[in-house]
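Protein chains in written order, with my numbering: chain A, 1 to 178; chain B, 1 to 336.
Glycine included, each C-beta is placed from N, C-alpha and C at the ideal position.
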Amino acid sequence: MFRHPQTTPKGVETDDAIRVQLSVNGEPLDLDLPPWTSLLDLLRHRLALTGTKKGCDHGQCGACTVLVDGRRINSCLKLAVSLDGAEVTTIEGMAGEGGALHPLQDAFVRHDGFQCGYCTPGQICSAQGLLNEGHAQSREEIKELMSGNICRCGAYPNILDAIEDVLNDRVSEPRMPE
Amino acid sequence: MRRFSYSRPTEVSEALAEAGGEDVRFLAGGTNLVDLMKENVERPQHLVDITRLPLDRIEEIQSGLKIGALVLNSDLAHDPKVENRYPLLSLALLNGASPQLRNSATTGGNLLQRTRCYYFYDVATACNKRDPGAGCQAIGGLTRLHAILGASPHCIATHPSDMCVAMAALDAVVHVESATGTRTIPFEDFHRLPGDTPQRDTTLEPGELVTAVELPATRFDRHYTYLKLRDRQSYAFALVSVAAAMRLEDGVMTDVRLALGGVAHKPWRDRDAEALLSGKAPERALFSKAAEAILADAQGQGANDFKIELARRAIVRGLDQAARGTPQSVTDKRIA
């Protein structure tokens, strides 16, 4: 994983930094973080994982959705220090060996589940969270349980097609990797 | 976001020892507090991260079910005990926020979330809740989300929670702890009306920590509904919501519970209206009478006048759904 040097942000006293251990996309990291760093800013600014997007930065759009210990959350509203010990998965951690597309990524490509693509990393992480939860069985339920991810291009029908496709595959093929 | 110091205790006593200062806040899921800190509405000097305290269990107790303050909204909604005995609570939770937020937001945090009044959030405007004595720019402003019941000349904000509306209807009890001891607060006394001190959302005292919410053993698993009406069909705050539950014996309603969300500074429960319904057969004309009684003193602010009629119809529909045993679906948005 490419990573910026662990520089201390300008003006922050080193006393302000708190040691945090996180696993990000399978890589264990020891980080010294000011407590006001959101998980989103940690990912984007410190770890250069810019796949996770900052849309509204207020938990209203879902573009920043990542998985923490397998559950989807809005990374913009989570202070990174509060996650000490957690496993974080971002869109960069979804693909398989050698860059093989994750089934959701593949389905989004096949169903044209995006236009500008800005919301897509959040949509895909959210969809993986939805699959992990196991509460969606129907298209209507997928719709309701994906309502935390806004797509301003309006690609919703194709996003639904993509997720429905993977959900149905998963029902018949339970060994699909998570 | 302004800077602050941070601690992460693992025992309740350690957390309480740090609490009480005006500039100290407890941090749980952070879905509201962190947002308010970004907006400079909340400016704590110190955060006590309580996420590692042992308050994350749902326990059977003799008097009912005790829900730890740190139980996540999503875990509470899908807990089999809650789904079986208090499906009204599950339904209300699943009507709130988004799956991502429910995976982070906690029971105690949901109780303590602040209003989504635009003027409270915008530090460039006057708000008595944010800055006591500054005035209220919501009055005479954009009031679509604002109160029609129990408002004051100082504040017309609404409480935004769905979970709390169900808990109010279910006669929940809030358990709190401070450095000097523990106490319980009946749910109706936990949130307060704005009066001339709108800066106080609840009756919680400085230094007190919500540790649990207790639900009485009485189950409402047949006749209930949570009907939420909003500007879009998912992931939006209520314009009006209705939590209704009752028992029906020999065609007669008993133990009727009715609470409204989105209409006041707290979940709105009217025990006189419940008494009016109790002991009678469920009929629309009677439901209308109850709705009229609840809304007799309702007052709009102009842009939210429509909420009075919306609430009237929602009460009738909600009671009807509960009586028929056909709760509103979360996924099928048609209102039956």
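List the endpoints of the continuous alpha helix (DSSP H) containing Ser329(B).
Taken as a continuous stretch (DSSP letters only), Ser329(B) belongs to no alpha helix (DSSP H), as it is neither H nor E.
For Cys155(B), list the residues DSSP reports as bridge partners.
In DSSP, Cys155(B) forms a bridge with Ser152(B).
When you compare each of Tyr121(B), Glu274(B), Glu14(B) and Arg57(B) to Ala169(B) by their alpha carbons, which one comes out closest?
It is Glu274(B).
According to DSSP, simplified to helix, strand and coil, what is Thr65(A)?
Residue state, collapsed to three classes: strand.
Residues in the segment 63-90 of chain A with C-beta within 7 angstroms of chain B's C-beta atoms, listed in sequence order?
So the list reads Thr65, Arg71, Arg72, Ile73, Asn74, Leu77, Lys78, Leu79, Val81 and Ser82, given in the order they occur along the chain.
In this structure, what does DSSP give as the bridge partners for Glu164(A)?
Glu164(A) pairs with nothing; no bridge assigned.
Start and end residues, beta strand (DSSP E) containing Arg25(B)
Residues Val24 to Leu27.
Are the C-beta of Ile124(A) and some C-beta of chain B separated by less than 9 angstroms?
Taking Cβ atoms only, chain B never reaches closer than 9 angstroms to Ile124(A), which makes this a no.
Per DSSP, which one or two residues make a beta bridge with Val123(B)?
DSSP output for Val123(B) lists no bridge partner at all.
Identify whether Asn149(A) lies in helix, strand or coil by the three-state DSSP scheme.
When DSSP states are grouped into helix, strand and coil, Asn149(A) belongs to the coil group.
Starting from the Cα of Ile335(B), find the closest Cα among Ala69(B), Ser241(B), Arg200(B) and Arg43(B) and give me that residue.
Nearest C-alpha to Ile335(B) among Ala69(B), Ser241(B), Arg200(B) and Arg43(B): Ser241(B).
Just by C-beta distance, which residues in the segment 83-108 of chain B are closer than 7 angstroms to chain A?
If you check each beta-carbon in the segment 83-108 of chain B against every beta-carbon of chain A, the ones closer than 7 angstroms belong to Ser98, Pro99, Gln100, Leu101, Asn103 and Ser104.
Below 9 angstroms between beta carbons is the criterion; list the residues of the segment 116-130 of chain B that meet it against any residue of chain A, in chain order.
From the segment 116-130 of chain B, no residue has a Cβ closer than 9 angstroms to chain A.
Spatial distance of Gly68(B) from Ser74(B) (CA atoms)
Between Gly68(B) and Ser74(B), the C-alpha separation is close to 13 angstroms.
Kindly indicate if chain B contains any beta-carbon less than 9 angstroms away from that of Pro157(A).
Cβ-Cβ to chain B under 9 angstroms: no for Pro157(A).
Cα-Cα separation between His102(A) and Asn95(B), rounded to whole angstroms
Their backbone Cα atoms lie some 31 angstroms apart in a straight line.
Proximal chain A residues relative to Phe4(B), where beta-carbon distance stays under 8 angstroms:
Pro35 and Trp36, listed in chain order.
Simplified DSSP state of Gln21(A), which is helix, strand or coil
The answer is strand: DSSP assigns Gln21(A) an E or B state.
Can you look up Gly129(A) in the DSSP assignment and give me helix, strand or coil?
Of the three classes helix, strand and coil, the one that applies to Gly129(A) here is helix, per DSSP.
Helix, strand or coil at Glu208(B) according to DSSP, with G and I counted as helix
Reduced to three states, the DSSP call for Glu208(B) is coil.
Any beta carbon from chain B within less than 9 angstroms of Asp32(A)'s own beta carbon?
Put simply, the CB of Asp32(A) is far from chain B, with every gap to its CB atoms at 9 angstroms or more.
Are any of the Cβ atoms in chain B nearer than 9 angstroms to that of Glu141(A)?
Chain B, which has a Cβ nearer than 9 angstroms to the Cβ of Glu141(A), makes this yes.
Hey, does Asn149(A) have any beta-carbon neighbour from chain B nearer than 9 angstroms?
Look at Asn149(A): its C-beta is under 9 angstroms from a C-beta on chain B.
May I have a chain-ordered list of the beta strand (DSSP E) segments no shorter than 3 residues that lie completely inside the segment 84-109 of chain A?
Given a length threshold of 3 residues, each whole run of the beta strand (DSSP E) inside the segment 84-109 of chain A is given here in chain order: 87-89.
What does Asp57(A) reach in chain B if we use C-beta pairs closer than 8 angstroms?
What Asp57(A) touches in chain B: Lys38.
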